[in-house]
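Numbering (this note's numbering), first residue to last: 1 to 768.
A virtual CB, placed ideally from N, CA and C, is assigned to each residue, including glycine.
Note that this is a predicted model, so its numbers are computed, not measured.
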Amino acid sequence: MKKKILLGVLLIMNIVSYSQTPKYIPQLGKDKIEDVIGTMTIEEKVYLLMGLGDANWRNVINEKETVIIDGCAGRTWDIPRLGITPSVLSDGPAGLRTDIHPKGLDITRYCTAFPTATALSTTWNTELVENVGMAMGNEVLEYGSDVLLSPAINIHRNPLCGRNFEYYSEDPLISGKMGAAMVRGIQSNGVGSSLKHFVANSIETNRKSINAVISQRALREIYLRGFELVVKESKPWTLMASYNRLNGLYTSESYDLINTILRNEWKFDGLVMSDWWGGEDAVAQMNAGNDLLMPGCKQREELLFALKNKLIDEKTIDRNLKRILTFILKTPRYKGYAFSNKPDLKAHALISRNAAAEGMVLLKNTKGTLPFNSIKHVALFGKTSYRYIAGGMGSGEVNFKNASTINESFNNNGYKVEKQLETIYNQFIDSIKKTANDNHYSPNNNKFIVDFHPELILTKEQINSQVKNNDLAIITIGRNSGEGNDRKVEDFSLTNIEKQLIQDVSEAFHSANKKVVVVLNIGGVIATSDWRDYPDAILLAWQAGQEGANAIVDILVGKVNPSGKLPMSFPMKYADVPSATTFPGEPADNPINAIYNEGIYVGYRYYDSFKIPTAYEFGFGLSYTQFEYSNIQLSSNVFKDEIIIKLNVKNTGKVEGKEVVQLYLHAPDVEIEKPVQELRAFAKTKTLKSGESQEITLILDTRSLASFWTNISSWVAEKGTYEIRIGSSSKDIRLKSDFELPETLIVEKVHSVLYPNRFFKELSTSTK
Ligand code: BGC
1 MKKKILLGVL LIMNIVSYSQ TPKYIPQLGK DKIEDVIGTM TIEEKVYLLM GLGDANWRNV
61 INEKETVIID GCAGRTWDIP RLGITPSVLS DGPAGLRTDI HPKGLDITRY CTAFPTATAL
121 STTWNTELVE NVGMAMGNEV LEYGSDVLLS PAINIHRNPL CGRNFEYYSE DPLISGKMGA
181 AMVRGIQSNG VGSSLKHFVA NSIETNRKSI NAVISQRALR EIYLRGFELV VKESKPWTLM
241 ASYNRLNGLY TSESYDLINT ILRNEWKFDG LVMSDWWGGE DAVAQMNAGN DLLMPGCKQR
301 EELLFALKNK LIDEKTIDRN LKRILTFILK TPRYKGYAFS NKPDLKAHAL ISRNAAAEGM
361 VLLKNTKGTL PFNSIKHVAL FGKTSYRYIA GGMGSGEVNF KNASTINESF NNNGYKVEKQ
421 LETIYNQFID SIKKTANDNH YSPNNNKFIV DFHPELILTK EQINSQVKNN DLAIITIGRN
481 SGEGNDRKVE DFSLTNIEKQ LIQDVSEAFH SANKKVVVVL NIGGVIATSD WRDYPDAILL
541 AWQAGQEGAN AIVDILVGKV NPSGKLPMSF PMKYADVPSA TTFPGEPADN PINAIYNEGI
601 YVGYRYYDSF KIPTAYEFGF GLSYTQFEYS NIQLSSNVFK DEIIIKLNVK NTGKVEGKEV
661 VQLYLHAPDV EIEKPVQELR AFAKTKTLKS GESQEITLIL DTRSLASFWT NISSWVAEKG
721 TYEIRIGSSS KDIRLKSDFE LPETLIVEKV HSVLYPNRFF KELSTSTK
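Okay, structure coming up:
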């Protein structure tokens, strides 16, 4: 009996002491990630696999830390009991996007609007792009975000893509090199970048469902190549799958794309997230290795159901969770960074201004029209002279404090701007805005209403009366676009009103021996061949961020010597574009499929190989000075592993300036056809003073010689003679040399995946 009582007492003591020592709960960062995952309930796992959703944003991330995510794109879930912090993901390619006045907080958050990606790649200056990335990333850090959803490196396949302004180029080497520099810059702050949109998001029409049908060769050489370069060179923390389908499958559901190519071949070890509401099947996304579903919510029940009913292997979920947690461990928020809400906006404005000026292209400059010489009074025509367009619309927008108009920038620089025109145009702009208000346009439409409104019609008398009092006329042509829609051919062309304005102003000013300059404040390529003969000079200013108007004036008055070069071709007419008849897709009114039947012949690869004249070729751009190229030397005339090319560039003109040196390679095409030449390397000189020279070094590795052979799914460098063409543009070739590759080389064998889900005939030089 006594024994029994003793046992009972011991048992009770045991229970008491057991319940007094709470079970240890593994903590992220302190314990193994596997143990943290092993402690999660199924519900917690599913929560973490997706963002918090868009409907009920919680303003406050947790009680201790007031983090405003208003205006940011999304955030991940937090699980405090496991030490899992949330992370904030923000757009975008031209700088951080957040709300200026976050709800409930007495702070103002302006961000810097940097030049759009197209303008940045126009610099051909990777160092500059890296610096811009550093400044952008600093704003991400100091405003309490963890990831910038940038860069976007999709190919400019067709000038009508509504998002081209967010992208870099028609060429994968430029896209890849610019993207890699941007990622380096952003991530140097200890925040992440998200390389997007993987892959082939070159159409906005029906973007959430359209099926891009692309050959394996075009995919490898054109659409995947830039992503491959960025992933291998700069290791972005995260990558965003695109909305579209590719050869039948949503990219976010494609195991071959995300696992076989990205992770297995390229060794990407970061996090993959979906684009916002992208894809359809959460289980397929999980299986493909699309770890995080953004912005989250709608798939929660689907995944819970799949897990409970064993429709998905929990190990797959755990694998994805491990990548999410590995990412969270790197974030400033996890590390407890005390952000200041006070980035150095002044310093960033200067970076933005310099980048803007270097990202503009002087397309025409006859009889030394530019830079200004004894010009005091300017007549500014075109509504965009009074309403500058800093950037495009959508997630690529930035909420900046102020961007002066071209009109204001001239005034600020001490020029006399024609007051009569200023009044006429400002009244016109006010009336457009008023009509929008009276008709209750939504605030978003209202914001851009002026950009989309037809240009003001001026009578010849109104124009003629400006000639006497002004030394020169400037006409600004504006265009805007944004995600979700592609541009129309009518938007590519200038309207009759615009063309008439250019003609009338040119005739009026020329009759008094006065010059006319056209400034293009646009996001994507437009027609130029049917009006470019009228003005004396044309400056392609792109949408160059908040400092763009100042940068325009810097160039026009000669404070900055233009050094931008086109990262895409300007065709003579839209019908010349290789994808003109297939864009956006079929059926034309509501496309389901987009057949990329131009294959590898995108941009200059097409115009050069098929001898189609362009208005301004790829790589083109004028300067206020001249450069002489000389003394090309190759490390060897027989290729083995790599060839180093050295050459000299000398500024032979009167003013200082920078030059972009472009290396095009003409490869032998006995076994498979190839574009007549392809950009394989480029470099930008430092600022060269008049008379100064610089030695430029360019390197060709084995991969730069190779093309993709579909039949053996390999990158192959074909034996024979390779011609090196060093140019100031793709047509202005200044130096040539060649080397031999004695034996055909299989450079790399890859998986034969992502084949088109329907047959189509690709464009070929042999059938033309
Ligand atoms: C865009 C992405 C963007 C995301 C979050 C999507 O509509 O396609 O580029 O990052 O929204 O704003």
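Just to confirm, is the Cβ distance from residue i to residue j under 7 Å?
i, j, result
"Asn648", "Glu695", "yes"
"Tyr168", "Ser121", "yes"
"Phe198", "Phe165", "no"
"Ala594", "Ala212", "yes"
"Val378", "Ile477", "no"
"Lys196", "Met240", "yes"
"Glu547", "Arg353", "yes"
"Gly599", "Ser569", "no"
"Asn426", "Tyr386", "yes"
"Leu149", "Leu89", "yes"
"Val132", "Met178", "no"
"Phe492", "Tyr574", "yes"
"Glu743", "Asn597", "no"
"Met360", "Pro151", "no"
"Ala94", "Asn365", "no"
"Phe708", "Val557", "no"
"Tyr755", "Ala667", "no"
"Val46", "Leu246", "no"
If residue i sits next to residue j, beta carbons under 8 Å apart, how far is it from one beta carbon to the other, in whole angstroms?
i, j, result
"Gln662", "Ser730", "7 Å"
"Pro86", "Thr76", "6 Å"
"Leu745", "Thr702", "6 Å"
"Pro675", "Arg605", "4 Å"
"Asp486", "Ile203", "7 Å"
"Val467", "Phe509", "6 Å"
"Thr687", "Lys658", "6 Å"
"Gly382", "Glu455", "7 Å"
"Ala288", "Glu253", "5 Å"
Out of the options, which has the shortest C-alpha to C-alpha gap to residue i?
i, options, result
"Leu741", "Leu705, Glu762 and Ser766", "Leu705"
"Val753", "Glu265, Gly414, Glu461 and Val129", "Glu265"
"Lys308", "His751, Glu718 and Glu43", "Glu43"
"Val747", "Lys674, Asp641 and Ser766", "Asp641"
"Arg207", "Ala349, Asn590, Phe372 and Ser690", "Asn590"
"Asp171", "Tyr601, Ser623 and Leu700", "Tyr601"
"Leu48", "Gly83, Thr765 and Leu458", "Gly83"
"Lys544", "Glu422, Val450 and Ile406", "Inspection of the sequence shows that residue 544 is occupied by Ala rather than by Lys. The shortest Cα separation from Ala544 among Glu422, Val450 and Ile406 belongs to Ile406."
"Phe339", "Asp91, Asp669, Arg109 and Phe583", "Arg109"
"Pro567", "Ala73, Thr118, Gly29 and Cys111", "Thr118"
"Ser630", "Lys646, Cys111 and Gly359", "Lys646"
"Gly396", "Leu456, Pro26, Glu483 and Ile424", "Glu483"
"Ser714", "Asn470, Thr251, Val750 and Arg725", "Val750"
"Gly391", "Leu362, Ala356 and Thr251", "Ala356"
"Val140", "Gln187, Ile497 and Asn125", "Gln187"
"Pro174", "Pro571, Lys684 and Leu311", "According to the sequence shown, residue 174 is Ile rather than Pro. Residue Lys684 is the option with its Cα nearest to Ile174."
"Ile389", "Glu498, Asn550, Thr652 and Ser374", "Asn550"
DSSP has residue i in a bridge; who is on the other side?
i, result
"Lys812", "Because the chain is modelled from 1 through 768, residue 812 falls outside the range shown and cannot be assessed."
"Asp31", "Leu28"
"Arg725", "Tyr664 and Lys736"
"His453", "For His453, which the question treats as bridged, DSSP gives no partner whatsoever."
"Met393", "Gly482"
"Leu48", "DSSP lists no partner for Leu48."
"Ala379", "Ala473"
"Met240", "Met273"
"Asp701", "Glu642"
"Pro571", "Thr614"
"Glu678", "Leu665"
"Ala594", "Ala212"
"Thr687", "Looking at the DSSP assignment, Thr687 forms no beta bridge with any residue, so it has no partner."
Kindly indicate if chain B contains any beta-carbon less than 7 Å away from that of residue i.
i, result
"Met572", "Considering every chain present, this structure includes no chain B. It has just one protein chain."
For the ligand FMN, I want to know if residue i counts as a neighbour, meaning its beta carbon is within less than 6 Å of at least one of the ligand's heavy atoms.
i, result
"Asp275", "Summarising the ligand content, the structure contains the ligand BGC and does not contain the ligand FMN."
With contact counted as at least three CB pairs below 8 Å, one residue from each stretch, are the segment 216-235 and the segment 278-286 in contact? The segment 216-235 makes no contact with the segment 278-286; the number of CB pairs closer than 8 Å stays below 3.
The segment 623-639 contacting the segment 733-752, beta-carbon criterion three pairs below 8 Å: Yes: the two stretches touch, three or more of their Cβ pairs being nearer than 8 Å.
Taking contact to mean at least 3 C-beta pairs separated by less than 8 Å, is the segment 288-305 in contact with the segment 20-39? Judged by Cβ distances under 8 Å, the segment 288-305 makes no contact with the segment 20-39, as fewer than three pairs qualify.
Counting beta carbon pairs with one atom in the segment 518-534 and one in the segment 154-165, are three or more of them shorter than 8 Å? Segments in contact, yes.
Are the segment 261-275 and the segment 321-329 touching, with three or more C-beta to C-beta distances below 8 Å? With three or more CB-CB distances shorter than 8 Å, the segment 261-275 counts as touching the segment 321-329.
Three or more C-beta pairs under 8 Å: does that hold for the segment 138-146 against the segment 328-339? Contact between the segment 138-146 and the segment 328-339 is established, with three or more Cβ pairs separated by less than 8 Å.
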